[in-house]
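Protein chains in written order, with full-length UniProt numbering: chain A, 1 to 369; chain B, 1 to 369; chain C, 1 to 369; chain D, 1 to 369.
Notes follow once the structure below has been shown.
There are 4 protein chains.
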Amino acid sequence: MTVVNGYKQNDNEEKINILNLEELEERAKQIIPTGGFGYIAGGSENNWTLKANRQAFTHKQIVPRALSNIEDPQLDTNVFGIPLKTPIMMAPTAAQGLAHSQGEKDTAKGVAAVGGLMAQSTYSSVSIADTAAAGNGAPQFFQLYMSKDWDFNYSLLDEAKKAGVKGIILTVDATVDGYREDDIKNNFQFPIPMANLTKFSEGDGKGKGIGEIYAAAAQKIGPDDVKKIADYTDLPVIVKGIESPEDALYAIGAGAAGVYVSNHGGRQLNGGPASFDVLEDVAKAVNGRVPIIFDSGVRRGSDAFKALASGADLVAMGRPVIYGLALGGAEGVQAVFEHLGDELKTIMQLAGTKTIDDVKKTDLLNIKY
Amino acid sequence: MTVVNGYKQNDNEEKINILNLEELEERAKQIIPTGGFGYIAGGSENNWTLKANRQAFTHKQIVPRALSNIEDPQLDTNVFGIPLKTPIMMAPTAAQGLAHSQGEKDTAKGVAAVGGLMAQSTYSSVSIADTAAAGNGAPQFFQLYMSKDWDFNYSLLDEAKKAGVKGIILTVDATVDGYREDDIKNNFQFPIPMANLTKFSEGDGKGKGIGEIYAAAAQKIGPDDVKKIADYTDLPVIVKGIESPEDALYAIGAGAAGVYVSNHGGRQLNGGPASFDVLEDVAKAVNGRVPIIFDSGVRRGSDAFKALASGADLVAMGRPVIYGLALGGAEGVQAVFEHLGDELKTIMQLAGTKTIDDVKKTDLLNIKY
Amino acid sequence: MTVVNGYKQNDNEEKINILNLEELEERAKQIIPTGGFGYIAGGSENNWTLKANRQAFTHKQIVPRALSNIEDPQLDTNVFGIPLKTPIMMAPTAAQGLAHSQGEKDTAKGVAAVGGLMAQSTYSSVSIADTAAAGNGAPQFFQLYMSKDWDFNYSLLDEAKKAGVKGIILTVDATVDGYREDDIKNNFQFPIPMANLTKFSEGDGKGKGIGEIYAAAAQKIGPDDVKKIADYTDLPVIVKGIESPEDALYAIGAGAAGVYVSNHGGRQLNGGPASFDVLEDVAKAVNGRVPIIFDSGVRRGSDAFKALASGADLVAMGRPVIYGLALGGAEGVQAVFEHLGDELKTIMQLAGTKTIDDVKKTDLLNIKY
Amino acid sequence: MTVVNGYKQNDNEEKINILNLEELEERAKQIIPTGGFGYIAGGSENNWTLKANRQAFTHKQIVPRALSNIEDPQLDTNVFGIPLKTPIMMAPTAAQGLAHSQGEKDTAKGVAAVGGLMAQSTYSSVSIADTAAAGNGAPQFFQLYMSKDWDFNYSLLDEAKKAGVKGIILTVDATVDGYREDDIKNNFQFPIPMANLTKFSEGDGKGKGIGEIYAAAAQKIGPDDVKKIADYTDLPVIVKGIESPEDALYAIGAGAAGVYVSNHGGRQLNGGPASFDVLEDVAKAVNGRVPIIFDSGVRRGSDAFKALASGADLVAMGRPVIYGLALGGAEGVQAVFEHLGDELKTIMQLAGTKTIDDVKKTDLLNIKY
């Protein structure tokens, strides 16, 4: 155990047995301190959208297919020109030091071990370079929370580029924090420094305090910002937090190289639809122009299958991976991805789909339960 | 604590912490005497419509909007020619002395503090003039329960006019009381006098007993009554308790300057639809001819947003404000409105709407959960 | 208390306070012996249809109507040429001695006291003549469970005619008993003799045992049977147990003077639709040719309103009346009908309907909750 | 009690009282060892599809029919040219030694006693010949889990033919095992040998270990396999695990003499539709070309009726029969089929259907509860 500012970080590095990802939350709750757990697990307001994210996967069903003459389904795919061993990627998730002393470094290691794609958050507990190094050459994206301070934005983009990341995820659905009641109840303050903010404030100048930077997060984000970032970097810019066909086209028009369908895991606009319920319509509008990443509520191989069959090219997970990180460090992360991959392969076989492309061409049913 | 006819009124005047308005009911239950609490909280019969009022808000969802290039959303609006700092108003609610010794005076103060609109009830614990005075110049409406005794009606309208109220809300959905089982179970009798009735019975004549006046509440209300009241006063007359397109047009035809969509918080016709579920159709029929006020079930900023996006110009709350009143007097009332305003602003930002007009132009989704 | 064959019958004759009819079941359970209670309250199999009968009333909603300019709604109606003070009638219900020592006599008294219509069952604990006499001139129907033994059928029809009943209800949905698990669990045997069977077996001849008669209940019932009965009697014959437009027209074609929509209170075909859910379609098919009686699940004034607005001319109740009978004898029965009548009048006023005819012309909403 | 490899098998041979098949699971849980019970009762993943299988029967309702002039409904039918006394058959179910020491022998006896159709599983605890012999001439089918080892397949087909079975059920929905969490939690290993595997490994050659054979189960199954088997045997080949119109036609095109609609009792693709919910569409596509067998979730006579009315020619049950086997051996099995037959006959009478053909022509309602 590591204690930082009175906060007890786990250090476990061990294989973990996983029955399923749904049960991980309860196990993780036992070892992550209350405030940190509330920050990670909680949604906004009364968690209606958080719960809807899970329920929505029952709105469509996978038809078991027989006589499909396939075996040994394969998870590998290629998105944004990046070959991947699995379509399940790590969602950009802040402050992983809340779950484990090694934070994003262990997550990067675990993701690399399964050949997946890691996304770092602006608000990582570990610096861009350190997380990239931990990934040991495996592909990573960097997620940007845009600041009003463009020096800060450019600095992060520069550093990400330098660290070798292969894409930028620009989050646009958090121009204000959702109302997270767990954090209020726990009177939660971040005990662990955010490495990218610390570095900038202490770094190549400006002498700004972290609070100042943090407060400078941009509320006003528009297509010009997407364009500005896309123009600055030669990396693909994926716009995250898209929940409507209109915004998807708007983002692409502004230069987005990818659309990331997400409601931020139910942490932002409570009272909005489940993310899965809007995916198909967004995908129809995007119509193959750019790849689509999807997250919010994925806990089962069947969820991942349904998302892929509804238009996603990559399926991201956040919370379950963080729980795996808390329980077992890099090996816990790896186990989470392996477990979901195994579930997905079973579903693929039973649905008669040998490849991720086959999955994406699959029609689902819409029966109301 | 003040004791009136054996009933213990709270006197608390203090800031209260509010996590959300949904939890206020339980907190208020601890401090409001059983009979009073039952009267305030209860609906009619088995509370089916009361519960449907809450559930109905899940029938529509707010699409998170990205790249909308807005910040710092504003709640101010102008309805009935009255500039308001918030579209959330106080619903006319009877007998607030049940919750607090200062009753409507504190409510008026709290509402004034947030720049909202206060509506007084005919059955207020405090007189029209006193409530108006407590509001200190802030806009107020007066709600009329029509009596068979037109002297009484005219007397109240005169007094309201004299007190400077800016509109008359004529309630037409309570021509008989809904069957309120809580009141039966608690054998509830009003322990606190109703100031307007007392005043009239003791006042400029007639020598009528309060019971007589109360019993004289009109059961038979028709368009001629609306016309008669609208002719008598030069204030706008808003007809409250409209739940159908037909009645909305009928009321407007009879001279209504506004339509108030409400099922009386589930206290009247149990087995009727949730108020939110009929709002959109009523608004389509009204088609901008007059403003629309909406109440019944609003507890979240997202509820208010959905009501505004479905055709409401003003969104009223009753019970949560009474709970705030019980817990903290005028400051409790203020805190309730501030909290809902904060939630609403968060939702506005995340939905890409800078003004209340933007909200009103927003399309919602209809996904069944 | 009266003990018959070891079975304890209540003798209470007293006014009872009723909060609502939904809570009566639990109160009655305390005083009716287990076997009798199970027989009365239970449905068939796993009670799915029994529960659906209640849930179905939420499938339609009553629109509150304002400015309707009515007061003092009236329950009186005229069906089958019989003037009635209420559209709520007593459903034919077997073996009321299970609930009270006076059985059908008290039920008839209570129904007469509210000016309603009483229906006797073939399997009454009290004879036709005695029940008729207890009704003291108030209108009654006689319900026939058809026997293979036409002497028995004719004998009952003769006796009913002689006793002055005004109509025959021919039950056709019980050609075999539904599978009632409560009776199996309680190993229930009828402890109280069925007066009509006893009388016939001991009476004008034949010397048949009761078991023989009971076993002779006809399984095979067709239109010819309706015709045969309609030809034999000059009383109107109402066919009970109709759940489809096809059967309604079939029955009318065979001579039925009325259609009784019912699923036997969920006691017969479990897995069938709620009775209320088929009423509207049946009524459309009947199209006013003959009156419609409805039962199955009515516990609220709003339920009765919805049934009338969906095509019923009379609304029957069984179980709640039996519970009232158990709790208070004739006065208990009276209280049940008065309570439901009061609830219905409140709903009528709030829905802007002054007469039962107004109710029948009302359009309901169909919102899914 | 018989103990095999430390596993305690029941030996009960006795009549059992059955209230309904839904309650059998709890009773069986008391006497089947935990691991065995989990294997039998559990579905895959979080059991969503398992539960949906039950819920789906509420999606359609049986209209009670009156005046149908029928009595004494009959269960006999003729499918695949085989006269049967009941349309309810035994689903092929593995490893029945987990429930009872006599395993499939007792099941065959019980099924024979009701004149039904028995289906043996490849993974039976008892050999094909012994099970066939126990059936004493009553009709049986043999279910084949296809192996990559065609010698094994042919050997089983030969033995089945020799034993006199009348049809081959080829299971195609289990090309990989569903993810069964109960088995993981219980760390379940089959304690009872599978007779057909043992026999083959010890038998006419090859000297293969059982594990080797088991591992050789074919993952890749296509239409050529159906054709190959259909060509090899002159018995009708029914393809089991069809859940879509497309696959039904595909199977028939490949030579299937019957289509078996099943989702393997919710044990395979979790996240797929309830089997009953796809039956009607499959039946429409099949359009009478070949008979249809249906299973997954049947526990009530009404379920069987609904399946037959939705296109099934035979309705199979697995788990409830195994529970009857555990509780009472052959007599327990018989009691289960008799009970469901009795429930079905009651429903048939109330629905106005005298024969299974009448049931199959019945239209159901689709009301959403």
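Beta carbons: idealized from backbone N, C-alpha and C, even for Gly.
Residue B:A66 holds the alpha-carbon nearest to the alpha-carbon of D225 of chain A among B:A66, B:I293 and B:L170. Distance from P92 of chain B to A119 of chain B at the Cβ level is roughly 4 angstroms; contact confirmed, criterion being Cβ atoms closer than 8 angstroms. Counted as a single uninterrupted DSSP element, the beta strand (DSSP E) harbouring F142 of chain D occupies residues Q140 to Y145. Using beta-carbon distances, I40 of chain A does not count as an interface residue toward chain B, since no partner is under 7 angstroms. Approximately 16 angstroms separates the beta-carbon atoms of L344 of chain B and K60 of chain B; this is outside 8 angstroms, ruling out the contact.
For the segment 337-358 of chain B, residues whose beta-carbon sits nearer than 7 angstroms to a beta-carbon of chain A comprise E343, T346, I347, Q349, L350 and A351. Contact annotation, T175 of chain C with Q143 of chain C: C-beta distance approximately 15 angstroms; criterion of less than 8 angstroms not satisfied.
For the 7 angstroms CB-CB criterion, V114 of chain A and P291 of chain A do not form a contact.
Nearest neighbour of K240 of chain D by Cα position, chosen from D:H264, D:F190 and D:T198, turns out to be D:H264.
Between P64 of chain D and L350 of chain D, the C-beta gap is smaller than 7 angstroms, which places the two residues in contact. Between S124 of chain D and the set D:Q55, D:K361 and D:D106, the nearest pair of CA atoms involves D:D106. Residue burial annotation: P83 of chain A is exposed, with fewer than 16 other C-beta atoms found within 10 angstroms of its C-beta. For Q349 of chain D, the three-state secondary structure derived from DSSP is helix.
Per DSSP, Q9 of chain C lies in no alpha helix (DSSP H) segment; the continuous beta strand (DSSP E) that holds it begins and ends at Y7 to Q9. Excluding sequence positions up to five before and after L75 of chain B, its CB lies within less than 7 angstroms of the CB of K85, T86, P87, G341, L344, K345 and I356, all in the same chain and listed in chain order. Measuring C-alpha to C-alpha distances from A326 of chain C to each of C:E23, C:S44, C:Q102 and C:R54 identifies C:Q102 as the nearest. With at least 16 other beta carbons inside 10 angstroms of its own, A108 of chain B counts as buried. The residue from D:Y39, D:A316, D:K166 and D:Q96 with its alpha-carbon nearest to that of T233 of chain D is D:K166.
Using a C-beta cut-off of 8 angstroms, the segment 26-46 of chain C makes contact with the segment 182-190 of chain C, since at least three inter-stretch Cβ pairs fall below that distance. Comparing C-alpha distances from A309 of chain A to each of A:K8, A:T353 and A:V3 shows the shortest one belongs to A:T353.
At a cut-off of 7 angstroms between beta-carbon atoms, P92 of chain A makes no contact with chain B. Shown here for A283 of chain B: same chain residues with a beta carbon closer than 7 angstroms to its own, the five before and five after excluded, namely I292, S310 and G311 in chain order. Collapsing the DSSP output to three states places I16 of chain D in coil. For I238 of chain C, the uninterrupted beta strand (DSSP E) segment begins and ends at V237 to I242.
Here the alpha carbon of E338 of chain B sits roughly 44 angstroms from the alpha carbon of N12 of chain A.
In its chain, beyond the 5 residues on either side, G43, S44, G178 and R180 have a beta carbon closer than 7 angstroms to the beta carbon of R267 of chain C.
At least 7 angstroms separates the CB of I367 of chain B from every CB of chain C. With a contact defined as Cβ atoms closer than 8 angstroms, A274 of chain A and G301 of chain A miss out at about 19 angstroms. In this structure, the beta-carbon distance from T171 of chain C to Y154 of chain C does not fall below 7 angstroms. If you look at L314 of chain C, you'll find it in the beta strand (DSSP E) that goes L314 to M317. A direct Cα-to-Cα measurement between N46 of chain C and L19 of chain D gives close to 10 angstroms. At the C-beta level, D281 of chain A and P245 of chain A come within 7 angstroms of one another. N270 of chain D counts as buried, since at least 16 other C-beta atoms from the protein chains shown sit within 10 angstroms of its C-beta. Residue nearest to I128 of chain B within the set B:K51, B:V359, B:M348 and B:F200 is B:F200 (criterion: CA-CA distance). Assigned with DSSP and collapsed to three states, Y260 of chain C falls in strand. Per DSSP, Q120 of chain B is one residue of the beta strand (DSSP E) stretching across M118 to Q120.
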